[in-house]
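In this note's numbering, the protein residues as written are 554 to 1172. The beta-carbon is built from N, C-alpha and C at its ideal position, and this holds for glycine as well.
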């Protein structure tokens, strides 16, 4: 990698064009970076950035396809070892590139740029390795006065004159910038030859990039805060711009401005349209007659406020969600886990299901946090939550209810035995504003699942055992199901008892979401939050172990998964054993914590693999 680093630096300092630089970086990537096509295809499949929509790209799911879709900066950091290819795939798969937006990109983000490395970190890294030095100097030397004057006139349409002058001084130096300003002030008209016009546009692009990197107001904010429509420039400017656009095979400026104004009008229309209506319920039902169930009311709040979403992802969560307020503590509202890490894509789908009353099926490996996600969404919304755990033994009576014998005493003191019907968990949750979670639904017997089909359609539940009574669902009742599989049997060979479910049942679910294990940045935050006294290097070790353990589980090398509970327990154990062992015994503390929380619960076969991972990581 050291040789690759020196070659990469040389490429940056000697390249003639950006195309030349990319070509050299492509060769260095091919020679030094190895990543499987399977992992790439999996990341692309799960990513919101990849597809055929107007705001998506469609790279080939191969190593070369990934390479060619990445920004020059990401290619550079990979080749030089600043980031890994798996961190790039992680950012693509979990849609965390939003943390590094790029208004010029089709996707609106720097594709594949990890969340842990921002533009500031990149600039510092590049400066440390002198990546910019040569090009910065040559650019200011190559710019002609005609190019600069023409570029200045275009840039002042793009940003304020003060900002443009500031960047001119920074890039060109005070003397050359003053010459440009003086030329503009005396009204000298630059040469209008084709070569000059093309050079002016190239200069404009270079300076625009620098302008975006140095001023607070970027392209998106400028458009958002502007008048909403754009007017054609004067005739001379239009000719200059059209000449440049024509050489690039683009429509003229009039057509482009028309398209922009049309799109802006559509955006404004969408912004002014009424938001999705959410049902409101002034008071909560008490289906069980339990006096401990309080009354409540529901209000709407913007999702990003409720879930504490900040940064680039915030703009995706400006829609309203229902939030309950109760007169007293509700016994079925889950407790909020302040350290829980929400991932944007699964959270979006769960909230969409709640808002629209669609049935949602969440699937993924054991320990990936399917049920916990729904539970923590309910906790933040103060939404009552009921969980029904399915297994092969659950029956219709468990779901619907049954007749029970009770004794009653009449007014004369005579005791009689009477039969009465007691509702099961399904009608109980249906009759209140509950989020019902049907856990491990892929284990249920098909004959039992047919009992629930009317419910999953959003209709009432017919209870023939109680005289044909129909239980109508509360209009704030919501349904979620979780499974290790997609309901078509055990495709992994890990989940004995998972049954192929009826297509009729599966078709009742209109929202699907694959829940994967936490990405690296979320794992590290969770470990740090629950083991606050650990050093960053300790957290990195634990995270590296968890990553390798999960890979071994996915590949079928071990049968024991590791859930968030598992690696939190490992972090807390390491923190505790540090206090038990004398200074200098960190490796022993790690080993003891690992054996206590993970190794001693493993099978003989799994122990061999897990012990090897631990020795490699912790030593």
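In chain order, what residues of the same chain have a beta carbon less than 6 Å from the beta carbon of residue 907, not counting five sequence neighbours either side? The answer, listed in chain order, is 1031.
Give the range of the beta strand (DSSP E) segment to which residue 1065 is assigned. Residue 1065: member of the beta strand (DSSP E) spanning 1064-1067, first to last residue.
Answer yes or no: do residue 650 and residue 639 have a C-beta to C-beta separation smaller than 8 Å? No; because the gap between Cβ atoms is not below 8 Å, this pair is not in contact.
Is the beta carbon of residue 702 closer than 8 Å to that of residue 733? Taking C-beta atoms as the reference points, residue 733 and residue 702 count as a pair closer than 8 Å.
So who's on the other strand from residue 944, going by DSSP bridges? DSSP lists no partner for residue 944.
Please work out which residues of its chain come closer than 8 Å, Cβ to Cβ, to residue 980, disregarding the five sequence neighbours upstream and downstream, and give them in chain order. Same-chain partners within the cutoff: 840, 953, 954, 1014, 1016, 1024.
Looking at the C-beta of residue 848, does it have a partner C-beta in chain B at a distance below 8 Å? Judged by its chain identifiers, the structure shown contains no chain B, having just a single protein chain.
Bridge partners - residue 916, DSSP secondary structure assignment: Paired residues: 1036, 1067.
Please report the distance separating the alpha-carbon of residue 966 from that of residue 960. The straight-line gap from Cα to Cα measures roughly 12 Å.
Taking its Cβ as the centre, do 16 or more other Cβ atoms sit within 10 Å of residue 571, making it buried, or is it exposed? Residue environment for residue 571: exposed (fewer than 16 other C-beta atoms within 10 angstroms of its C-beta).
Is the Cβ-Cβ distance between residue 890 and residue 848 less than 8 Å? Cβ distance not < 8 Å, so residue 890 and residue 848 don't count as in contact.
Which residue spans inside the region 1106-1163 form an unbroken alpha helix (DSSP H) run of at least 4? Counting only runs of 4 or more, we get 1117-1133, 1139-1150.
For residue 990, which residues does DSSP report across the bridge? Answer by DSSP bridge pairing, in chain order: 940, 1033.
If I measure Cβ to Cβ from residue 1051 and keep anything under 7 Å in the same chain, skipping five residues before and after, which residues do I get? Closer than 7 Å at the Cβ level, and outside the excluded window around residue 1051, lie 995, 996, 1037, 1038, 1042, 1043.
Neighbourhood of residue 1173 by C-beta distance below 8 Å, restricted to the same chain and skipping five residues each side: In the structure displayed, the chain extends from 554 to 1172; residue 1173 sits before or after that span and is not available.
Please return the same chain residues whose Cβ sits closer than 6 Å to the Cβ of residue 897, not counting the five positions on each side in sequence. Excluding residues within five positions, the ones whose Cβ falls inside 6 Å are 648, 866.
For residue 1007, which beta-bridge partners are listed by DSSP? Answer is none; residue 1007 lacks a bridge partner.
Residue 539 versus 602, 619, 892, residue with shortest Cα-Cα distance: The first residue shown for the chain is 554 and the last is 1172, placing residue 539 beyond what the model contains.
Answer with buried or exposed for residue 1085, where buried requires no fewer than 16 other C-beta atoms within 10 angstroms of its C-beta. So residue 1085 counts as exposed.
With burial defined as no fewer than 16 other Cβ atoms inside 10 Å of the residue's Cβ, what is the status of residue 958: buried or exposed? Residue environment for residue 958: exposed (fewer than 16 other C-beta atoms within 10 angstroms of its C-beta).
What span of residues does the beta strand (DSSP E) with residue 851 cover, start to end? Per DSSP, the unbroken beta strand (DSSP E) holding residue 851 starts and ends at 849-855.
Beta-carbon proximity list for residue 568, same chain, < 6 Å, skipping 5 on both sides: Taking C-beta separations shorter than 6 Å and ignoring five residues to either side along the sequence, the partners of residue 568 in its chain run 574, following chain order.
Hey, could you find the ends of the alpha helix (DSSP H) residue 1016 is sitting in? First-last for residue 1016: 1014-1016, but that is the beta strand (DSSP E), not the alpha helix (DSSP H).
Rounded to whole angstroms, what is the Cα-Cα separation between residue 873 and residue 853? The straight-line gap from Cα to Cα measures roughly 6 Å.
Mind checking residue 1003: buried by the 16 CB within 10 Å criterion, or exposed? By the 10 Å Cβ count, residue 1003 comes out exposed.
Could you please give me the residues that DSSP links to residue 976 through a beta bridge? 954, per the DSSP bridge assignment.
Touch check for the region 1115-1134 and the region 1049-1066: three-plus C-beta pairs under 8 Å? Of all C-beta pairs linking the region 1115-1134 to the region 1049-1066, fewer than three are shorter than 8 Å, placing the two stretches out of contact.
What is the rounded straight-line gap between the Cα of residue 646 and the Cα of residue 1120? Their backbone Cα atoms lie some 22 Å apart in a straight line.
At which residues does the alpha helix (DSSP H) containing residue 924 begin and terminate? First-last of the alpha helix (DSSP H) with residue 924: 923-933.
From the DSSP output, which residues share a beta bridge with residue 873? According to DSSP, which records beta bridges pairwise, residue 873 is partnered with 855.
Classification of residue 584 by the beta-carbon crowding that lies within 10 angstroms, buried from 16 upward: By the neighbour-count rule (16 or more Cβ atoms within 10 Å), residue 584 is not buried but exposed.
Give the range of the beta strand (DSSP E) segment to which residue 1023 is assigned. Following the DSSP letters along the chain, one finds residue 1023 inside the beta strand (DSSP E) bounded by residues 1022-1024.
Taking residue 971 as the reference, which of 963, 1164, 984 has the closest Cα? If we check each option's Cα against that of residue 971, 963 comes out closest.
Using 8 Å as the threshold, is the C-beta distance between residue 1112 and residue 1153 below it? No. Outside cutoff.
To the nearest angstrom, report how far apart residue 1166 and residue 851 are at their CA atoms. Roughly 49 Å between the two C-alpha positions.
Figure out for me which residue from 916, 927, 893 has the closest Cα to the Cα of residue 905. Out of 916, 927, 893, 927 has the C-alpha closest to the C-alpha of residue 905.
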